[in-house]
Amino acid sequence: MNIIDRRLNPKGKSLANRQRFLRRARQQILKAVREASGERSITDIAGGERISIPADGLKEPGFRRSSHGGVRDAVVPGNKEYVEGDLIPKPPSGGGGGGGSADGSPSGGGDDDFRFMLSKDEFLDIFLDDLELPDLIKKNIRRSESYSLTRAGFSVTGSPSNLNLTRTMRNSLSRRIALRRPRPADIQALEDEIRALEDSGRDPERLSEARLLLDGLLARSRRVPYIDPLDVRYNRFEQVPKPVTQAVMFCLMDVSGSMTEHMKDLAKRFFMLLYLFLTRRYSHVDIVFIRHTHEAKEVDEETFFYSTETGGTVVSTALAEMRKVMAERYSPGDWNIYAAQASDGDNTSSDNATAAALLEDAILPMCQYFAYIEVGAEYKDWLGRETDLWRTYKTLVRPGGNLAMRKVRVRSQIFPVFRDLFSKERAHGGS
Amino acid sequence: MAVHEQPRGLLFDSADWDFDKVQRVHDAIAGIAHGEMGLDTYPNQIEVITAEQMLDAYSSIGMPLMYRHWSFGKRFAQDETLYRKGMRGLAYEIVINSSPCISYIMEENSMAMQTLVIAHAAFGHNHFFKNNTLFRQWTDADGILDYMDFAKAFIARAEERHGHQAVERVLDAAHALMNHGVHKYPRKRVMDLREEQRREQERLAYFEQTYNDLWRTVPKSPATSQGSKDLAERKRRLRLPEENLLYFLEKNAPKLQPWQREILRIVRNISQYFYPQRQTKVMNEGCATMVHYHVVNRLHELDLISDGTLMEILHSHTNVVFQPDFDDSRYGGLNPYALGFGMMQDIRRICLEPTREDRDWFPDFAGNGDPWGTLRAAWADYRDESFLLQFLSPALIRRMRLFALHDDEEAPDYHVTAIHNERGYREVRKTLARMYDVSRMDPDIQIVDVDLAGDRRLILHHRVEHGILLDEDETLLVLRHIANLWGYEVRLVEIDAATDMTLREFDDVGPAVVLG
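Those sequence lines, one after another, are chains X and V.
Quick note: the first sequence, position 428, residue 428 per the working numbering, numbers continuous.
Start counting at 1 in the second sequence, then tack on 1000, and there's your number in the working numbering.
Printed below as a string of structure tokens:
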């Protein structure tokens, strides 16, 4: 008997099957993920997700007999009171058969939804699929910090893990042939012959001759090694710089007193999603966080998302801050510049003209894309008035332009709006 | 086999297992199984795996090597979800009908469980695989792993060359027909000249013996029309009717590429490999359960395992052979372990302590004093249906309180047709055996004709038994798959087997995508 320990075998043998399965159910999963994401908070979006999808597209059909109709006979255990000829009323609903049919244990599980777990990565991949930054063009490729390894022939030095066995052995073989290294079989044959001669004791002449020959062969095979350092070849890899498109995303958030908790929550959710999207999909995107009340400040990620502040509202300060950062660090010639602004739409009325001018003259021409999200109260203003900022920005929207505006009132709208702003179709339509 | 020395003292005394203990237990069990019970097994290979690997093995229908397909990923996702939720435990073992016979055991299990599993799988199932006539006839235990290796590599190569989607389409279609991809009867052997001559002579001799001049005077039937002659000729050439749908498509579908035919062949071969397992569920599990039950009891009698170990094993054993009553909420059909084990225990009782009734019912082995010999013969020569028909005793029918129900869709009630009494035994036995008849589990579907001269339509017939038609939605999907493989339209007609009346016709289904 053999006992084999397979526990250390590579895991995830069924990974390839799982990928095929996810690909197969892609449409359904996509839909389920979109639906699921509306209901959950952003913080757990980073966790895994149990989703259920309709079993339709995943059916494995076969010729099966219908579960109803016809005449069936079955044997069941556990008779307690029945005698031959008894009639047992059928349960009202047709299905199930009251345990009457033994072949009634369905293997398929009927039309139930199919539930399973998606891992965090799978969830995010599917969720962020077909989103992209619009109009990302190759600007000055200055920073190329990423390299990819490309095969570049062979070298005589290298690390043992790169040893090219085929080349090495080929060299070794040709050298051995060229230098006439005796083959082990020849030596073996000669040894056998010598042994036979010694045993039989005949032909001493041949014996001494053979011994001499053997010594020669052995000496030669010692002189000509099986593998010489000369033979060894390594795979050579060359680092090829990979072009990187540089992009920066400015996140502008209004944290003034007029923003209610609900609005701040919406705005933060939006930015978290944006942050998740950018960090996951683009390894070379800088993100600049700017928040403003009546004055604006560039802050770090932690402060942006978690610290609180309050004050009046002057939107133009944020735009001015953005312009300042742009001038200092992100020259529009080298960088793809994006911005997303979230606000409740309130602004000091004297500032509207300044903000519009700043946006139109200084920012929009530099930007690839500027998205404005207006977060509103959960219940609509009964007059349905448009806010100051909305009205101001609306004048700047041009067909085919790079300014997009959306409104969000409740959590469940964030995901659709986000998708809408960054979907690929939009990107192509806009460019 | 080498003379077996019984080790002294307990084989193990703690719950943790290690390789030494497994080896010792295996050897001790081998002594009992081969020596006392006369089992004949393939060499064993025991592989230790983790729970995750067990899930892996589950999803690829228990084969250690399997080609890639989304349905296995689906099954894995399903099993994993259930397992993680705690709704389903894992099987203790998986055993593969190969030589050497591979049994998987899980690292989480205690040594007592490993003992049970080794006795159950590595000896019980192993003996059954090696000796049952169906397995001997249909499966090639020596070659299966190599074949799966080939299949996996072939399909991976096909995916590389022709793309995932193209391969997936063929596999989807083949899987839909998997249960209709088996040869149910051994095929014709290659002709042997001497054998043929002998038979020819026998035929001649028979003809001479039974010659009667009167036959000459019987009027001949009118000459058959040209059309029906053509039909007969065509059917002969295509070897129709054919119930192995995959075989027919593999050989005759006009548009398939060679690699697509090979994929059909692979699926067909795997299906054929599992065909015996579907026919012997009760016997296979019964045999394994019977073996482990007696092995562990003998181990205990020989003081090789402790009382506690025996208790732990019996606890699992009892769970496995538990049969809820039909009105129990846990009822999910007859438990093959319970039925098989019950019958085999009963055979053993009949061999050793027969009652008068047993002597009447089983005159050929009642009281013969050789339970293992009798069981070995049964394990070797029967499948579920014939085993039940032959060996189900009145005593067991009484004990399990089996009764037969008749369910007519038209009637408002179920009709109790037989119970565990003198009048009912045979009826119950017959009805139960029929439930395990594999030819009744799968609907009888055959390819009857191909309109080669016309539009190449493929015509299938379903012989409907007891008025039970096919599930309409699924059938349409399967017909679509067949049409994709065949490349032209496909029609299915459901015909009542008793009256030859057409009950339902599926409209022609055309191919959605042209393979090939």
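Using N, Cα and C, we set each Cβ at its ideal position, and we do this for glycine too.
Got a sec: is the Cβ-Cβ distance from residue i to anything in chain V below 8 Å?
i         : result
Ser119(X) : no
Leu124(X) : no
Leu58(X)  : yes
Lys87(X)  : The sequence shown places Leu at residue 87(X), not Lys. Answer yes: the Cβ-Cβ gap between Leu87(X) and chain V drops below 8 Å somewhere.
Arg115(X) : yes
Arg7(X)   : yes
Val33(X)  : no
Ser461(X) : It is not possible to answer for residue 461(X), since the shown part of chain X is limited to 1 through 431.
Ala340(X) : no
Asn164(X) : no
Pro54(X)  : no
Glu84(X)  : yes
Asp73(X)  : yes
Gly78(X)  : yes
Ile4(X)   : yes
Gly110(X) : In this prediction, Gly110(X) scores a pLDDT of 41, lower than 50, which makes its location untrustworthy; no coordinate-derived value is stated.
How would you write the range of the alpha helix (DSSP H) that residue i sits in, first residue to last?
i          : result
Gly1373(V) : 1371-1381
Ala377(X)  : Note, Ala377(X): premise wrong, no alpha helix (DSSP H); not H, not E.
Arg1161(V) : 1144-1162
Val315(X)  : 315-329
Gln1323(V) : Counting along the chain, Gln1323(V) falls outside any alpha helix (DSSP H), and DSSP gives it neither H nor E.
Ala1366(V) : Counting along the chain, Ala1366(V) falls outside any alpha helix (DSSP H), and DSSP gives it neither H nor E.
Arg115(X)  : Note, Arg115(X): premise wrong, no alpha helix (DSSP H); beta strand (DSSP E) at 114-118.
Is any beta-carbon of chain X found at less than 8 Å from that of residue i?
i          : result
Gly1073(V) : yes
Pro1007(V) : Residue confidence for Pro1007(V) is low, a pLDDT of 48 falling below 50, so the modelled location carries little weight; the figure read from the coordinates is stated next. No, no contact with chain X.
Gly1340(V) : no
Glu1409(V) : yes
Phe1403(V) : yes
Glu1243(V) : no
Thr1475(V) : yes
Tyr1337(V) : no
Leu1469(V) : yes
Ser1059(V) : yes
Leu1503(V) : no
Phe1076(V) : yes
Tyr1083(V) : no
Gly1424(V) : yes
Met1400(V) : yes
His1120(V) : no
His1127(V) : no
Tyr1414(V) : yes
Phe1274(V) : no
The beta strand (DSSP E) spanning residue i covers which residue range?
i          : result
His1415(V) : 1413-1418
Ile297(X)  : It is worth fixing the name first, because residue 297(X) is Lys in this sequence and not Ile. Here the beta strand (DSSP E) through Lys297(X) covers 296-299.
Glu81(X)   : Neither: Glu81(X) is in no beta strand (DSSP E) and is coded neither H nor E.
Leu149(X)  : 147-155
Ala342(X)  : 336-343
Can you give the beta carbon distance from residue i to residue j, rounded, assuming they're within the 8 Å contact cut?
i          : j          : result
Ser1059(V) : Ser52(X)   : Wrong, their Cβ atoms sit about 19 Å apart, outside the cutoff.
Ile3(X)    : Phe1019(V) : 5 Å
Ala1418(V) : Ala1404(V) : 4 Å
Ile1118(V) : Ile1032(V) : Incorrect: roughly 12 Å between the Cβ atoms, too far for contact.
His1481(V) : Ala1176(V) : 4 Å
His1127(V) : Glu1093(V) : So it is not a contact: roughly 15 Å between Cβ atoms.
Compute the minimum distance between the beta carbon of residue i and the heavy atoms of the ligand NAP, and state whether it is under 7 Å.
i         : result
Gln188(X) : As far as ligands go, the structure on display features none, and thus does not contain the ligand NAP.
Please compile the residues from chain B whose C-beta is within a distance smaller than 8 Å of the C-beta of residue i.
i          : result
Arg1068(V) : The structure shown contains no chain B; its protein chains are X and V.
Is there contact between the stretch 1425-1434 of chain V and the stretch 1392-1400 of chain V, where contact requires at least three CB pairs shorter than 8 Å? yes
So within the stretch 1232-1264 of chain V, which uninterrupted alpha helix (DSSP H) runs reach at least 4 residues, ignoring any that extend past its ends? 1245-1252
Would you mind listing the beta strand (DSSP E) stretches within the stretch 1052-1133 of chain V that are 3+ residues and don't spill past its ends, in chain order? 1093-1096, 1101-1106
Segments assigned beta strand (DSSP E), at least 3 residues, entirely inside the stretch 1381-1452 of chain V: 1403-1408, 1413-1418, 1444-1450
3-residue-minimum beta strand (DSSP E) runs that sit fully inside the stretch 176-257 of chain X, ordered along the chain: 234-241, 247-254
Hey, which unbroken runs of the alpha helix (DSSP H) at 4 residues or more fall wholly within the stretch 1456-1497 of chain V? 1472-1486
Tell me, please, whether the stretch 113-132 of chain X touches the stretch 1359-1367 of chain V by the rule of three or more beta-carbon pairs shorter than 8 Å. no
Okay, do the stretch 297-313 of chain X and the stretch 215-232 of chain X touch, 3+ Cβ pairs below 8 Å being the bar? no
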